[in-house]
Amino acid sequence: MAKITLWYPEERPSYAIYDWDGNLLEEGPMLTADEVYCDLCNAEVPLNPAPMIGSYVLCLDCLEKIEPSWRKQISPLLEMIWREQMASE
Numbered sequence: 005m006a007k008i009t010l011w012y013p014e015e016r017p018s019y020a021i022y023d024w025d026g027n028l029l030e031e032g033p034m035l036t037a038d039e040v041y042c043d044l045c046n047a048e049v050p051l052n053p054a055p056m057i058g059s060y061v062l063c064l065d066c067l068e069k070i071e072p073s074w075r076k077q078i079s080p081l082l083e084m085i086w087r088e089q090m091a092s093e
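Under this note's numbering, the residue at position 32 of the sequence shown is numbered 36, and the numbers go up by one with no gaps.
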């Protein structure tokens, strides 16, 4: 079973490119805390907190494909909150 981590997004660059020595070469445009995208399908993820497996943010469709038993790892209240957030989009 893959462990689900909950992420509370903040304002951040859309991407960062580093050289082999770890020096920052380029940063992408800034994303707000509300701009969260699935790392697998690029769908918008309107969930807060956003579900992650490893370092990857996942929409509920991709989460279901990667970790079919994800509901066992979260509370029923959080699932209800996520469903409400999805319905309001």
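Built from N, CA and C at the ideal position, the CB exists for glycine as well.
Euclidean distance between Cα positions of residue i and residue j
i	j	result
Glu15	Ser79	27 angstroms
Lys76	Ala20	34 angstroms
Ile70	Met90	19 angstroms
Ile85	Glu93	13 angstroms
Thr9	Ile57	6 angstroms
C-beta neighbour in chain B for residue i, strict 8 angstroms
i	result
Tyr19	Here chain B cannot be found, since the structure has a single protein chain.
Residues of its chain near residue i, where Cβ-Cβ distance is below 6 angstroms and the 5 sequence neighbours each way are ignored
i	result
Asp23	Leu29
Check whether residue i and residue j have beta carbons under 8 angstroms apart
i	j	result
Pro17	Glu31	yes
Pro53	Leu67	no
Met5	Ser59	no
Coarse secondary structure for residue i, derived from DSSP in three states
i	result
Ile78	coil
Leu44	coil
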